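Colleague: Going by the working numbering, the sequence shown opens with residue 467, and the numbers climb by one from there. This is the structure I want to talk about, given as structure tokens.
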Amino acid sequence: MKPAPELLVGGLVPFTTIDFPGRLAAVVFCQGCPWQCDYCYNRHLWQASGENMIPWAEVLAFLEKRQGMLDGVVFSGGEASVQPGLPEALKQVRALGYATALHTNGVVPERLETLLPLLDWVGLDIKAPFDLYEKVTKIPGSGQKARRALDILLRWGGAFETRTTVDLALLSAQDLEAMARDLSESGVKAWALQPCRRDDGVAVLDEGLLAGARAFMPDLVIR
Ligand code: SF4
467 MKPAPELLVG GLVPFTTIDF PGRLAAVVFC QGCPWQCDYC YNRHLWQASG
517 ENMIPWAEVL AFLEKRQGML DGVVFSGGEA SVQPGLPEAL KQVRALGYAT
567 ALHTNGVVPE RLETLLPLLD WVGLDIKAPF DLYEKVTKIP GSGQKARRAL
617 DILLRWGGAF ETRTTVDLAL LSAQDLEAMA RDLSESGVKA WALQPCRRDD
667 GVAVLDEGLL AGARAFMPDL VIR
């Protein structure tokens with residue numbers, strides 16, 4: 467049998483307490499993303515390969531050394547789910563005793579579904595009301611894909627949260643309210659909002675702006 471392709475890694479954060487609920491984790495940033503969000507903090511990961519890639523064997527060696535100190539590994543990006551090497555990487559990380567998490571935009575819902583048996587937690591980006599996705603991602607049809615990914619997670623029954631980067635140049639209070647209504651009616655329990663930081667680095671989400679959204683998702687959190 468042909469060996470699985472190597473996971474293409476563009477970065478590694480050795481320790482986080484905020485990216486995998488209840489876990490002390492490392493974050494592996496994977497190369498490649500088919501979408502083009504204006505506010506993307508990780509443009510250097512858009513291409514399938516980058517200038518400062520870390521060999522997967524180095525990541526594994528790092529995780530072997532951290533056994534007992536960390537208990538989770540998050541695969542983020544870019545978009546980790548588009549890489550054919552991800553399933554094997556998840557198996558290897560689990561074999562070291564780590565819990566696994568995926569941060570995903572849901573761009574390939576069918577692949578997400580096949581990954582779920584290898585995952586302990588998922589964070590799914592919800593970028594906009596599903597019919598307005600293209601405004602954020604620049605890619606036609608992206609909203610339908612994210613919708614299908616959400617439906618797959620809702621059927622899964624495992625632990626997940628939905629997350630939205632709020633760029634007020636792209637999302638209005640009405641958009642946030644429409645999203646909250648849709649998520650609530652779909653059965654989503656966890657929704658985290660992250661204000662978009664532009665050049666000045668300042669980002670605040672006014673509670674007044676969120677009043678409509680809170681009416682449908684009272685437990686939404688701001689990070
Ligand atoms: S989906 Fe994520 S990684 Fe891809 S362009 Fe948008 S913000 Fe960047």
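The C-beta atom is built at its ideal place from N, Cα and C for all residues, glycine as well. Fair warning: this is a prediction, and the values are worked out from it, not measured in the lab.
For the beta strand (DSSP E) that contains Trp587, what are its first and last residues?
Modeller: Position 121 of the sequence shown, counted from the first residue, corresponds to residue 587. Counting along the chain, the beta strand (DSSP E) containing Trp587 begins and ends at 587-591.
Colleague: Could you name the residues whose beta carbon sits closer than 6 Å to any heavy atom belonging to the ligand SF4, keeping them in chain order?
Modeller: Cys499, Trp501, Gln502, Cys503, Cys506, Asn508, Gly543, Gly544, Glu545, Asn571
Colleague: Three or more C-beta pairs closer than 8 Å, one from the stretch 566-582 and one from the stretch 469-480: is that the case here?
Modeller: no
Colleague: Can you tell me which of the three DSSP states Gln610 falls into?
Modeller: Position 144 of the sequence shown, counted from the start, is the residue given in the question as residue 610. Of the three classes helix, strand and coil, the one that applies to Gln610 here is helix, per DSSP.
Colleague: Please determine, among Phe481, Leu686, Leu584, the residue with the shortest C-alpha to C-alpha distance to Lys557.
Modeller: As a first step, residue 557 is located in the sequence shown; it is residue number 91 there, counting from the start. Comparing Cα positions, the closest option is Leu584.
Colleague: Leaving out the 5 sequence neighbours to the left and right, which residues in its chain are closer than 7 Å to Trp522 when beta-carbon positions are compared?
Modeller: Position 56 of the sequence shown, counted from the first residue, corresponds to residue 522. Within its own chain, the residues whose Cβ lies closer than 7 Å to the Cβ of Trp522, once the five positions on either side in sequence are excluded, are Glu472, Leu473, Val475, Ala555, listed in chain order.
Colleague: Would you report the Cα separation of Leu686 and Met467, rounded to the nearest angstrom?
Modeller: Locating residue 686 in the sequence shown gives position 220, where the first residue counts as 1. Locating residue 467 in the sequence shown gives position 1, where the first residue counts as 1. Cα to Cα, the separation comes out at about 46 Å.
Colleague: Looking at the secondary structure, which residues open and close the alpha helix (DSSP H) in which Gly538 lies?
Modeller: What you label residue 538 is simply residue 72 of the sequence shown in a count that begins at 1. First-last for Gly538: 538-542, but that is the beta strand (DSSP E), not the alpha helix (DSSP H).
Colleague: State the DSSP-derived secondary structure class of Leu659, mapped to helix, strand or coil.
Modeller: Within the sequence shown, numbered from 1, the residue matching residue 659 stands at position 193. In this structure, Leu659 counts as strand in the three-state DSSP scheme.
Colleague: What do you reckon, are the CB atoms on Met683 and Leu649 nearer than 9 Å?
Modeller: The residue you call residue 683 lines up with position 217 of the sequence shown. The residue you call residue 649 lines up with position 183 of the sequence shown. Taking 9 Å as the Cβ cut-off, Met683 and Leu649 qualify as a contacting pair.
Colleague: Please report the distance separating the alpha-carbon of Leu590 from that of Phe596.
Modeller: Residue numbering aside, residue 590 sits at position 124 when the sequence shown is read from its first letter. Residue numbering aside, residue 596 sits at position 130 when the sequence shown is read from its first letter. Cα-Cα distance, rounded: 13 Å.
Colleague: Does the stretch 637-654 come within contact of the stretch 476-487, defined as at least 3 CB pairs closer than 8 Å?
Modeller: no
Colleague: Would you report the Cα separation of Gln513 and Ser542, rounded to the nearest angstrom?
Modeller: As a first step, residue 513 is located in the sequence shown; it is residue number 47 there, counting from the start. As a first step, residue 542 is located in the sequence shown; it is residue number 76 there, counting from the start. Roughly 14 Å separates the two Cα atoms.
Colleague: Name, in chain order, the residues that DSSP records as bridge partners for Leu568.
Modeller: Position 102 of the sequence shown, counted from the first residue, corresponds to residue 568. Bridge partners of Leu568: Phe541, Val588.
Colleague: According to DSSP, simplified to helix, strand and coil, what is Thr483?
Modeller: Along the sequence shown, one-based indexing puts residue 483 at 17. Note: Thr483 maps to coil in three-state DSSP.
Colleague: Is it true that the stretch 494-502 meets the stretch 544-553, where meeting means three or more beta-carbon pairs spaced less than 8 Å apart?
Modeller: yes
Colleague: Quick one: grab the DSSP three-state call for Gln533.
Modeller: Position 67 of the sequence shown holds residue 533. Gln533: strand per DSSP, three-state reduction.
Colleague: Which of the three DSSP states is assigned to Ala492 in this structure?
Modeller: One-based indexing of the sequence shown puts residue 492 at position 26. Note: Ala492 maps to strand in three-state DSSP.
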